[in-house]
Amino acid sequence: MTILIDQPSLDSQFDDKNVHVHSKETNEHVLDGGFPLPKEVSHNNGFTAPDINSFGHSFRDYDAESERQKGVEEFYRLQHINQTYDFVKKMREHYKKLDKAEMGIWECCELLNDVVDESDPDLDEPQIQHLLQSAEAIRKDYPNEDWLHLTALIHDLGKILLLPQFGELPQWAVVGDTFPVGCAFDEANIHHKYFKDNPDMRNPAYGTKNGVYTKGCGLNNVMMSWGHDDYMYLVAKENGTTLPSAGLFIIRYHSFYPLHKESAYTHLMNDEDHENLKWLHVFNKYDLYSKSKVLVDVEKVKPYYQSLIEKYFPAKLNW
Ligand SMILES: [Fe+2]
Ligand SMILES: [Fe+2]
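Residue 1 is where the sequence shown starts when you use full-length UniProt numbering, and the numbers rise one by one after that.
Put into structure tokens, the structure is as follows:
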């Protein structure tokens, strides 16, 4: 991998905010979505979810982790205050340069192992296990959809934004549920109350249901809060991936829980979004329930995933 070290510091982006973002505390929490789920969810489309996770608790049982819960709430307070329309615009412009590194997809999977999801109550294994567990579970149930296996493998690679060479962004700018900016924050958003201190609340142009968008404009035209989803979408798209539209949609919106769990913001969708959302619903079950103790033998499955990477991506990508 070639890491290019010439990159502007992003600290100035955050210094004018009333929240300090590079503190030790915020960097100790890594989230990947935040809605507690009902415990009875288990059978769906032939996929059986395990009853307990590696901590011996029900999945996403945040009550059993009340200290963690406080960390989650503080995380969303920071996220809701800082994710503004202008912030997202700046992040998109900055990362669109793709000037941070040159590496292949598998290299990035290995790099992501340096990131451990410490405050995700369901995840106690290295990230590559989460990626491979999701991918292998989908492969078993949808053997012919090879694009979906690869999509699962790469869906969280954008979390490298937490690493120093990719900007070391604060947690609230990388993980957690995502939502549109530039229009009213729907009440389906977790910890909605914290949006009251978001500066966009004082801009009437962003305060209506459609905001700066039009009904049915398509999610592609909507600015989403910045995080690992939108970054990985950008990397895949700009490097000319041949993944189908549904694969890119999954990568880009897999943390958009207000949409795929609560059906909020559907007024902004177009026909293609509605088609793609069906696949996101399929994918999401595996994203949540594949975080189990059964480890995947990485070396054994590596040749299969490398063949998929070759099929859908160039050997080296710009990040
Ligand atoms: Fe994710
Ligand atoms: Fe994930």
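Beta carbons are placed, not taken as given, at the ideal position from N, Cα and C, and that holds for glycine.
Residue i, enclosing alpha helix (DSSP H) - first and last residue
i, result
"E102", "Here E102 belongs to no alpha helix (DSSP H); instead the beta strand (DSSP E) covers 101-103."
"E168", "That residue, E168, is in no alpha helix (DSSP H); it is neither H nor E in DSSP."
"H155", "No alpha helix (DSSP H) contains H155, which DSSP labels as neither H nor E."
"D230", "228-238"
"E310", "298-312"
"L219", "Counting along the chain, L219 falls outside any alpha helix (DSSP H), and DSSP gives it neither H nor E."
"residue 365", "Any property of residue 365 remains undetermined from this structure, which presents the chain solely from 1 to 319."
"residue 372", "What is shown of the chain runs 1 to 319, which leaves residue 372 out entirely."
"A205", "Unbroken run through A205: none, as it is neither H nor E."
"G247", "245-253"
7 Å Cβ shell around residue i - same chain, five flanking residues per side excluded
i, result
"residue 394", "Here the chain has residues from 1 to 319 only, and residue 394 is not among them."
"Y194", "Y76, R77, H80, I81"
"Y265", "P180, D186, P258, L259"
"A236", "L243, L248, I251"
"N198", "H80, I81, T84"
"L277", "H260"
"N284", "H254, H260"
Other residues of its chain near residue i: CB distance less than 6 Å, five sequence neighbours each side excluded
i, result
"L169", "L161"
"N27", "The pLDDT assigned to N27 is 31, lower than 50, so where the model puts this residue is not dependable; a value taken from the coordinates is nonetheless given after this. So no residue of the chain qualifies."
"P303", "none"
"M223", "V88, V181, G182"
"S255", "G33, D177, T178, D229"
"D146", "L308"
"Y142", "L148"
"H155", "I251, H254"
"Y305", "L153"
"M232", "L157, G158, I251"
Neighbourhood of residue i by C-beta, 8 Å cutoff - its chain only, sequence neighbours within 5 removed
i, result
"R92", "M223, W226, D230, L234"
"K209", "C183, A184, H267"
"I128", "C109, E110, L112, N113, V298"
"P314", "N239, G240"
"W319", "L98, K100, A101, E102, M103, C108, I160, F166, V235"
"K96", "L234, E238"
Residue i CB to nearest heavy atom of ligand 3 below 6 Å
i, result
"D156", "Of the ligands one can find in the structure shown, namely ligand 1 and ligand 2, none is ligand 3."
>> As an exercise, report each continuous alpha helix (DSSP H) stretch of at least 4 residues that is fully enclosed by the segment 67-117, in chain order.
In response: 85-95, 105-112
> In chain order, which continuous runs of the alpha helix (DSSP H) of length 4 or greater are located wholly inside the segment 125-152?
Replying inline: 127-141
>> Using a Cβ distance threshold of 8 Å, determine whether the segment 98-105 contacts the segment 266-285, with at least three qualifying pairs required.
In response: no
> Counting Cβ pairs, one atom from each stretch, are 3 or more of them under 8 Å apart for the segment 239-248 and the segment 203-218?
Replying inline: no
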